[in-house]
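Notes to accompany the following structure.
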Amino acid sequence: MRNLVVLGLVLAAATPLSAQSEKAARCETSAKMVMEAVQARKDGIPLKRTERELRRALDRDTGASLAQWIYGLPEKDLTLDVGRKWEQECLAQ
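Letter by letter, the sequence shown follows residues -19 to -1, 1 to 74 of mature numbering (1 follows the signal peptide of the UniProt record, and there is no 0).
Next comes the structure, spelled out in structure tokens:
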């Protein structure tokens, strides 16, 4: 019986940790996607092409919004900080 209680406690404790690690992985992946879009802009890839790729990876509205946001940033702001800030915001939600 004691083993079952201990197992239950371990599983209960692991669930939030697992959810946190899944969230961290999702946020890291989305930050990488943001940085790929930033790099596409820096490489001169047209907005419509980047938007199309983001729509495929995400969904229609999210991909379009993300592309518009990235292509609307001032050129001086196209740094690694964009991805870092994106990831921080994602983790904070």
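Backbone N, C-alpha and C define an ideal beta-carbon position, used for all residues, glycine too.
- Taking a C-beta distance under 8 Å as the contact criterion, residue 35 and residue 54 do not qualify as a contact pair.
- In this chain, the alpha helix (DSSP H) harbouring residue 69 covers 61 to 73.
- The beta carbons of residue 14 and residue 38 sit about 6 Å from each other, so the pair counts as a contact at 8 Å.
- When 6, 7, 59 are compared, the shortest CA-CA separation from residue 24 is found for 59.
- Here residue 31 is not near residue 41, since their CB atoms are 8 Å or more apart.
- The Cβ atoms of residue 67 and residue 12 lie closer than 8 Å to each other.
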